[in-house]
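Visitor: Note that the protein sequences, when read in sequence, are chains A, B, C and D. End of the first sequence sits at 639 in the working numbering; the numbers just go up one at a time, nothing left out. End of the second sequence sits at 639 in the working numbering; the numbers just go up one at a time, nothing left out. End of the third sequence sits at 639 in the working numbering; the numbers just go up one at a time, nothing left out. End of the fourth sequence sits at 639 in the working numbering; the numbers just go up one at a time, nothing left out. Where is the CB? At the ideal position from N, CA and C, for every residue including glycine. Would you mind keeping the following structure in view while I ask a few things?
Protein chains: 4
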Amino acid sequence: MLTQQEDVLPPATATEKAELVPRFANQGYSEDALTARRQWIEERTGTKLAHVGACTIPGEQMRGNIENPVGTVQTPLGIAGPLLIHGAHAQGIFYVPMATTEGALVRSYERGMMTLTRAGGVTVRVYVDENRVCPVFLFPDVAAAHDFAAGLDGCFAGIKEEAESTTRHGKLLRLECQPVGREVILNFCYFTADAHGMNMIVKATERACRWILLHTGATDFYLFSGHSSEKRGSGTLLPGGKGKKVVAGAKISATLLRHYLHITPAKLVDLWRHTVIGHMQANAIGYNGHYANGLAALFIACGQDVANVVNSAVGITNFELTEDDAIYASVTLPSLTVATVGGGTALGTSNECLRTLGVAGKAGAPKLAEIAAATLLAGEISMAAAIASGEFVSAHENYGRNRPEP
Amino acid sequence: MLTQQEDVLPPATATEKAELVPRFANQGYSEDALTARRQWIEERTGTKLAHVGACTIPGEQMRGNIENPVGTVQTPLGIAGPLLIHGAHAQGIFYVPMATTEGALVRSYERGMMTLTRAGGVTVRVYVDENRVCPVFLFPDVAAAHDFAAGLDGCFAGIKEEAESTTRHGKLLRLECQPVGREVILNFCYFTADAHGMNMIVKATERACRWILLHTGATDFYLFSGHSSEKRGSGTLLPGGKGKKVVAGAKISATLLRHYLHITPAKLVDLWRHTVIGHMQANAIGYNGHYANGLAALFIACGQDVANVVNSAVGITNFELTEDDAIYASVTLPSLTVATVGGGTALGTSNECLRTLGVAGKAGAPKLAEIAAATLLAGEISMAAAIASGEFVSAHENYGRNRPEP
Amino acid sequence: MLTQQEDVLPPATATEKAELVPRFANQGYSEDALTARRQWIEERTGTKLAHVGACTIPGEQMRGNIENPVGTVQTPLGIAGPLLIHGAHAQGIFYVPMATTEGALVRSYERGMMTLTRAGGVTVRVYVDENRVCPVFLFPDVAAAHDFAAGLDGCFAGIKEEAESTTRHGKLLRLECQPVGREVILNFCYFTADAHGMNMIVKATERACRWILLHTGATDFYLFSGHSSEKRGSGTLLPGGKGKKVVAGAKISATLLRHYLHITPAKLVDLWRHTVIGHMQANAIGYNGHYANGLAALFIACGQDVANVVNSAVGITNFELTEDDAIYASVTLPSLTVATVGGGTALGTSNECLRTLGVAGKAGAPKLAEIAAATLLAGEISMAAAIASGEFVSAHENYGRNRPEP
Amino acid sequence: MLTQQEDVLPPATATEKAELVPRFANQGYSEDALTARRQWIEERTGTKLAHVGACTIPGEQMRGNIENPVGTVQTPLGIAGPLLIHGAHAQGIFYVPMATTEGALVRSYERGMMTLTRAGGVTVRVYVDENRVCPVFLFPDVAAAHDFAAGLDGCFAGIKEEAESTTRHGKLLRLECQPVGREVILNFCYFTADAHGMNMIVKATERACRWILLHTGATDFYLFSGHSSEKRGSGTLLPGGKGKKVVAGAKISATLLRHYLHITPAKLVDLWRHTVIGHMQANAIGYNGHYANGLAALFIACGQDVANVVNSAVGITNFELTEDDAIYASVTLPSLTVATVGGGTALGTSNECLRTLGVAGKAGAPKLAEIAAATLLAGEISMAAAIASGEFVSAHENYGRNRPEP
C-alpha cells in the first residue's frame, strides 16, 4: 500500500480548500502510483481514463520526462512516403512517421513526397549545427559594459573551460556580444552532438556565468535574457544558431507537377508571389505554407520536444521557375531543433519511430534534421499546389471528414 | 485477406523503385489494414512497432483524422493543479492534463498553479472569439482594386449568404480589406462556435469567393493569401482575430511569492525588464517565457491541432509591481485556437482529457480557452521565478534527469 | 540693445560651468536676436556661420517652428519630371521638387518619371485618410479592463464630444481597443483634413482621456502608449491608419522598359523575387527599394515633418509580369503623413515648393499624397532597373562624384 | 547665352507632350543654368521661387550632390545645449545644431541636454564602426550553394584584394554568409573611415562579385539583395553592422529629474514599462520615443543623407531605476550612419554646422556619432518626462503655435 506523503504546503486560507495532486514515495513512478494518481483524478472529475491508463510505457521509464504521471495520451500515427533524400547524412528512400489528428495531412505530405521522389529526390545540406543560451550581464554604466565586451576575447579560454567542465558532450564554440545600454547579452554558442542539449548547455552556461561574475566588472547576471528565442518566434532565428540550419531543394519538371499535383510551374510561382505579399502584409517572420503541420506530426511521433515547433517552423520556402520551365523548390530552416538522444527519444513509440528512420541514438540528429527538411519541402509543394489548383477544399472534404458538420 | 489496391502512380523511372505505402480497400482503416500496413513498415525498416501497435483507438475511428494509419504514438501524461479560475466560462478548481516528455515541466506549472490558487485564483476574460480565412483577389489595375474595396459594403449581404449556405455553425461576422497594389486581401472573419472550424470556414469562403468573382471586377482569386497566419508566427496575430483573444491575470502577494516561488516582487519585475530587452533585441513577436511548453502539453493531451501552437504561443506576459508591493501578473493571448468539437477531440485519450476539464463537446471551447490562459499564467510566473531566483538549473537537475549525460 | 534674460536654471555644481544658449526678450525671434545668438555660437565654437546667416525667412516667421533660431540651413533643390498622374486628386503632369545631397538621386527619379509618363501615367488612389493617438488606460485588474472595453461603445458619443470640443478641424472617427493584461490601449482615429494634425489630435485626445478617467473604471492613463508608431518603424503601420494609405500603379511595356531603363520585364521580376527574400531574411517591415530617398527629398523641399519619413517609408513595392509581357508596377504606402497646412508648410522655400505642385493650403494634402506615391513608384522602377541591368555603379560614378576618393 | 541640349529622349507618343526639365551644357551647374532652369519651372507652374533662388551655395559646388538644380531650400536652424559628453571621441560641452520646423523640438532636446549636463554628462561608446553591401549569388541547386559557402574562407584573400583595389579608404573586414534555398546572400562588411561610403563600397563589392563569378560555382549575382536594410527598417539592424553601433548612458538623480523635468524616477520607469508594451503590441522594431526627431534635425543641419534616418532611428531606449532611487537612462543605436567626409558634408551650411561641433573632415565621424547618441538620449528623457508628467500638450501649446487652428 502506498503512503501518501504529507502536503508540504502551508495551511490553505479559509477561502480555499484546493487539494494537491497526491504525493507518493519516491515521487510516484511505480505502476501502482500511476494507477492511484489516475484513480484520484478520475474520482475528482468523474471521468474514466481507460485509454490513458492503457499505456505501454512503464511508469519508471517516465521519470525525468514528466511529473505526476497518470498514463499516456495516444495520437494516431500514419506513414508518409516514399521520400528519396540525397543528404550528407540521410541517403535513400524514407517512410516518415507522422502523428496527427488533422485529416488529409498525411495524404498531402505523401503526394508531395511521391512527387519529389519521382523528380529524382531532395538534396539537403546542414549549414549550422549549434544550440545557444543567452544570459545577460549587468554593469554599473555604459563604460563598464563596453570594457567588458572589449575584454571578452581574452576571457574566452577561461569561460570555455568552466562551461565544458560540466559536460562531456557540449562544446562551447564561441561567444557573441549584444550590448544594450549598460547590459550585455552574451550568446553562448555550443555544439551539442545528437542531444537537444538545453539542460546540458544551460548548466554549463550557469557555471561560466558565475566565473564571469568573479573575473569581470559584471555586477550580476540572469541566465536567460529572452534573446535565444527558444520556443518563441523571432526574427533573430532567421540567420540561425538556435538548432540546426538546414536547406532542402529539388527540381520538379512541369510534367511531374501536372501529373501528381495538377498544377503548372507558372501557376505555382504565381501563388508564391501573391502569398509572399500576404506574409509581408501580416508582418510574418519568413515565409512558409505550413511547416508547423509537418514538424508537429514528426515531433510528436519521434519524441521531440514539441514546443520547439515554434522556433523550428521559422524559415523561408521558395518556388522558382527555371529556364527549362521546371520548378526549383526549396525550404530553408534556420532553427531546427531535433534530437536523437535524451529527452523523450528513448520512450516506447518515440524510439520505434526514430528506428524506422534509422536515426535512433548517436549520429542520428543531423540525419533526422535532413529528413525533417525534406519532409517539409514535400508538404510545401503539396499544399501550394492544392491551393493554386483550387483543389484544397475538395481534398479536405475527402480526407478531413471528422468535422462537427452537419 | 486484404487486397492491396493497384498503384495509381505511373511507372517509376528506371532509377527509382520507390514503393508506395500499401493501399487497402476503403482506404484501410480496419484493424487488419492497420496491422498489415504496420507489418509492411516493420519489414521495410527492420523495426518492431510493438508500442505503436498497442493502440486502443479503433482504426475506423481514425478515419478523417489521419491517413495510412499504423497505430498510435504515446506521450506521457501528467496532471498539474490545483488551479483556481474565475472566468466567464471556467469557474472553480481545475487539474490540467499535460502531455510532455520535458522533465520538470509539469512540476513547474504545478507550483505556479498552486501559487495562483493560494493567491485567490486567476481572473480570465475572452475578448474576441473568431477565426478567419484571408483570400486574395486580383484586379487589372490599382483603380479596379480600389473600386472593389469601395463597393464591398454593398456586397456584404450577398457574400454572407453564400458563405453561410455551406455551414450550419459558421457565421460570417465581417470583412476586412487589405489592399496591396492591384490586389486586395480580404479577411473573412467568422464565429465558429466550439470548433476550430478551418475546414468549415475555408469551404464557406471558397463559395463566397466564387460569388465575388461573378459579381465584382475581380479577375481571379487565391483562397489563401498567406495573411491569416494560421500556424505561423506574425505580428498581425497580436491584435487578434485568428482564434480567441484571452487575457488572464492575478495578483500575488510578496509573502506568497517568497513562500512558493522563492522570489521577491522586485526581483521578478527586474527580470521582466531585462528579458523584455532581450526579446526586443531578438526582434521577437510579443513577449513570453515559454507559452509553447504549456500549450504543446495541453494541446497534445486534449486532441487539439498541435501545429496551432505556433500561432497560439504569440502574446504578451506582464509582471507589474503594485503599490502594496505585490505582483500583478498577466498573460494576453490574442490568437488562441482551441476546440472541443471536431478534429481530434473525440478520440480516446483526447476525449478523456477534455472530460476531466469538463469541456468536451458543445460550449466547451471558451471554457477551454480560459483554462489554457490560466495554465500559461502559472507557467510564466513559475519559470520567471526559477530564473530570477537562480533555481532554474537545480530544478532541472532534480526533475529532468533523462539527459544523455554523463 | 537686447537684454539677455536671467538664467532660470539653478546654480551649476562646482564641476560644471555649462552656459545656456542666450535667452532674449519674447524668446528671441527678432533679426537682432537671431544675429546675437548666432554670434554667440560663432564665438563659442570659432566657426563663422555665414551661410546659416544668409537666410531669407524672417525670424519672426520661425516662431512656432523652432526655438533658439540662428538662421537656416540650405539643402540643394532639384526638379524631377515630367510625371503624369491620374489620381482622384492629382491629375496631369507634375515636376517634383526634391531636396537632397545624394548625387544621382534626382536623375534616377527623373528617368523613372519619364518612363511612367511615356507609359501613360500613374494611377493613384487614397484608401484611408486618418491620423491617430493611442493612449493607454490602466485598471486594477483584468476584469475591470474587460468591463471598460465592453462598455466603450456606449461612451463613444461622450468621448467624441469632448475630443472635438478642442478643435475645429479634427473629427474623431472611431476608437479601437487593444487590451493587454490589465491595461487597454485605445486608438483614437481622427480625420485631420490637410494638416498633419498631431498637435491638434493630441490635445483633443488628452481632453477625452480626462473625461474617460471621470466616467469609467480607469484609474489612470498615459497620453502615449507607444502603439501609434508615429516616426517609428513597426508592423502595425502596414494595415494603415497613421496617415494616408495610398496606392500607385502603372503598366509599362517591355519596349519602354528596354528603351528607358535598359531592362526586360522578366529580369525586373527576377530581381523582385530575389530581393524579397533578402527583405525576409533581414526581417524587414514590408518591401521597398528606397522609399526613404524620395520621401526625404520631397519632405525637406516641401516643409513636411522630416522625421515622419520613418513611418511613411513603410510599404510594399510590387513588380508583376503581365500576360502580354509588360510589367505592372505598384507601390502601397499605408502610413504616409503629409500636410499642406500647418507645421513648416508656410515658410519661404517650403511654400514655394508646395505651390509649384499646386498643393499649398486647403485641399492640398490628398493631392500631395498622390504625387508622393507616384514619385516613389518612379524611384522604385528606376532603382530596380539600375540594379538588375548592372548599371547601378556606373550611374553613381557619373552623377555622384562628390565622394572622398581618391 | 546657354544652349539647351537636344532632348535625348525619343519622340513622345501622340497622347503625351510631356517636356523634359531643360538640359544645359555640362549638365547645367553654372549660376546661369540654375537661373534658367528655375525660371522655366516658375513659368510652367506660375510660382515665383524667390526664396529658393536666394541660395548662397555656388551651383558648381552642387555637382555630384544633385541634378537639375534650381537653388536651395531653407530649413530653420536652432541651437540646443549645453550637452556635456564623455565619449571616446567627443569630450566636453557641445551645442548641437538642429534644423526643423516642428515647434518645441529644440526646446525639448535642450532641456534634456541641460538635465544630462547637470547630472554630470553622458557617457558614450562606439562598439562597431562598419558599413555593408549584401549582394546575392545564384546557384543551380542547394548543393552548389552549400559548396560555395563551405569554400568561402579560402577565397577571402582574393575577394578582399579585388574589393580594395577600387578604394583607398574602404577596408573589407569580413564576409557573412546567409544561405536561402539555392542562393547565398553575402554580407560584405567594410570599414569606411569618416565617409558614409556607400558609393565606395558598392563599387568595391561589384568588382569583388565579378571575381567571385569567375572563381566559384555562382551562375549570377545581384549587387543588392535587399538584406542590408540601408534606409529601411528591419530587425537585422538591431545587432548592428549598417553604420556605427553606439551606446550612450547617464545617471540622473531624483532631485535633478524633479527640478528640470518635473517627474519622479518611479513615474519615468512606469511610463517605460507601459510604452514598451505598446511597442510590442505594434510589432515595433526595438523601442524609442522619438529618435527620428533628433536625427532628422541633426542630419538636415549637418548635410547627412537624411534618408538614412530610417535605419539610424532603430534602437532601444532604457530607463532603469537604480538602488539609490536615481534613473540610469540609455540609448542603444546599432545602425547609425553618419559621415564627416563626402556626400553633402562640404556644402555651405552643412560644413558650418559640422565645424561648430568640431567634427568636419577626417576623424570626425566617430565623434559625430557620439554627439548624435548623446543628443538622442537628451530627447528621450525630455519627451518621456513630458508624457509622464502630463505636460506634453501644454509644452506644445507654448512652443508649437504654428498650427492650422485659429
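If I follow the unbroken alpha helix (DSSP H) through C/F372, where does it start and stop?
Guide: Here C/F372 belongs to no alpha helix (DSSP H), and DSSP marks it neither H nor E.
Visitor: Using Cβ-Cβ distances below 7 Å, what residues of the region 388-418 of chain D are close to chain A?
Guide: Cβ contacts with chain A come from Q411, P412, V413, G414, R415.
Visitor: Is the CB-CB distance between A/L371 and A/E416 below 7 Å?
Guide: yes
Visitor: One question on the structure: do B/Y328 and B/G612 come within less than 7 Å of each other, judged by their Cβ atoms?
Guide: no
Visitor: Determine the closest residue to C/R365 out of C/L601, C/T280, C/H429, C/A593, with distance taken between C-alpha atoms.
Guide: C/H429
Visitor: Rounded to the nearest angstrom, what separates A/A437 and A/T488 at their Cα positions?
Guide: 53 Å
Visitor: Just tell me which of A/G466, A/T589, A/G536 has its CA closest to the CA of A/I290.
Guide: A/G536
Visitor: Thinking just about the alpha-carbon of each residue, which of A/A378, A/G403, A/P498, A/D386 is nearest to the one in A/S640?
Guide: No information on residue 640 of chain A is available, as it lies outside the stretch 234 to 639 that chain A covers here.
Visitor: Where D/H448 and D/R344 are concerned, what is the direct C-alpha to C-alpha distance, given to the nearest angstrom?
Guide: About 58 Å.
Visitor: DSSP three-state label for A/T516, please.
Guide: Reading the sequence as shown, one finds Asn at residue 516 of chain A and not Thr. Of the three classes helix, strand and coil, the one that applies to A/N516 here is coil, per DSSP.
Visitor: Under 7 Å between C-beta atoms, does D/P244 make it to chain C?
Guide: Interpretation of D/P244 is limited by its pLDDT of 44, a score under 50 that renders its predicted location unreliable; the figure taken from the coordinates is listed afterwards. D/P244 has a beta carbon lying at 7 Å or more from every beta carbon in chain C.
Visitor: With H, G and I counted as helix, E and B as strand and the rest as coil, what does DSSP make of D/T308?
Guide: strand
Visitor: For B/P639 and A/T399, what's the separation of their Cα atoms in angstroms?
Guide: Low confidence applies here, because B/P639 scores a pLDDT of 38, under 50, leaving its location unreliable; read the following figure in that light. Going by the C-alpha atoms only, they are around 9 Å apart.
Visitor: Take A/T334 as the anchor and find which of A/I533, A/A579, A/H379, A/S563 has the nearest alpha-carbon.
Guide: A/I533
Visitor: Between which two residues does the alpha helix (DSSP H) holding B/F327 run?
Guide: Not the alpha helix (DSSP H): B/F327 falls in the beta strand (DSSP E), residues 324-332.
Visitor: Could you check what DSSP says for D/Q537 in three-state terms: helix, strand or coil?
Guide: coil
Visitor: Does the beta carbon of C/A529 sit closer than 7 Å to a beta carbon anywhere in chain D?
Guide: yes
Visitor: Tell me which residues share the same chain as B/A530 and place their Cβ nearer than 7 Å to its Cβ, disregarding the 5 neighbours each side in the sequence.
Guide: Contacts found: M331, A332, T333, L338.
Visitor: What residues in the region 513-539 of chain D bring their beta carbon closer than 9 Å to a beta carbon of chain B?
Guide: Residues of the region 513-539 of chain D whose Cβ lies closer than 9 Å to any Cβ of chain B, in chain order: M513, Q514, A515, N516, A517, I518, G519, Y520.
Visitor: Compute the Euclidean distance between the alpha carbons of A/I518 and A/V547, then round it to the nearest angstrom.
Guide: Using only the alpha carbons, I get a separation of about 7 Å.
Visitor: Considering just the uninterrupted stretch of the alpha helix (DSSP H) at D/R443, what are its terminal residues?
Guide: That run of the alpha helix (DSSP H) goes 431-448.
Visitor: Could you give the DSSP three-state label for A/G459: helix, strand or coil?
Guide: coil
Visitor: Given a threshold of 16 other Cβ atoms within 10 Å of its Cβ, counted over all protein chains shown, does D/E556 qualify as buried or as exposed?
Guide: exposed
Visitor: In whole angstroms, what is the alpha-carbon distance linking C/A378 and B/V564?
Guide: 13 Å
Visitor: Would C/Q307 pass as an interface residue toward chain D - the criterion being a Cβ-Cβ separation below 7 Å?
Guide: yes
Visitor: Looking at chain A, which residues of the region 456-469 of chain C have a Cβ within less than 7 Å of any of its Cβ atoms?
Guide: G468
Visitor: Could you check which residue in B/Q324, B/I299, B/E264 has the C-alpha nearest to that of B/A605?
Guide: Scanning B/Q324, B/I299, B/E264 for the CA closest to the CA of B/A605 turns up B/Q324.
Visitor: Quick one: grab the DSSP three-state call for B/G345.
Guide: helix
Visitor: Within 8 Å, do at least three Cβ pairs link the region 393-410 of chain A to the region 419-435 of chain A?
Guide: Because the criterion of three Cβ pairs below 8 Å is met, the region 419-435 of chain A and the region 393-410 of chain A touch.
Visitor: Terminal residues of the continuous alpha helix (DSSP H) containing B/R588?
Guide: 581-589
Visitor: What do you get for A/S627, buried or exposed, if any count of 16 or more other CB atoms within 10 angstroms of its CB means buried?
Guide: exposed
Visitor: Would you please verify whether the beta carbon of B/I604 is less than 7 Å from any beta carbon of chain D?
Guide: Judged by the 7 Å Cβ criterion, B/I604 is not in contact with chain D.
Visitor: For A/R443, count the other beta carbons within 10 Å of its own beta carbon; 16 or more makes it buried, fewer makes it exposed. Which is it?
Guide: Flag for A/R443 reads exposed.
Visitor: Using the C-alpha atoms, what's the distance from B/I549 back to B/Q514?
Guide: Looking at the two C-alpha atoms, the distance is approximately 16 Å.
Visitor: Does the Cβ of A/T248 have 16 or more other Cβ atoms within 10 Å, making it buried, or fewer, making it exposed?
Guide: Since pLDDT at A/T248 reaches only 45, below the 50 mark, its modelled position is unreliable, and no value is offered.
Visitor: For chain C, is any of its Cβ atoms less than 7 Å away from the one on D/P302?
Guide: yes
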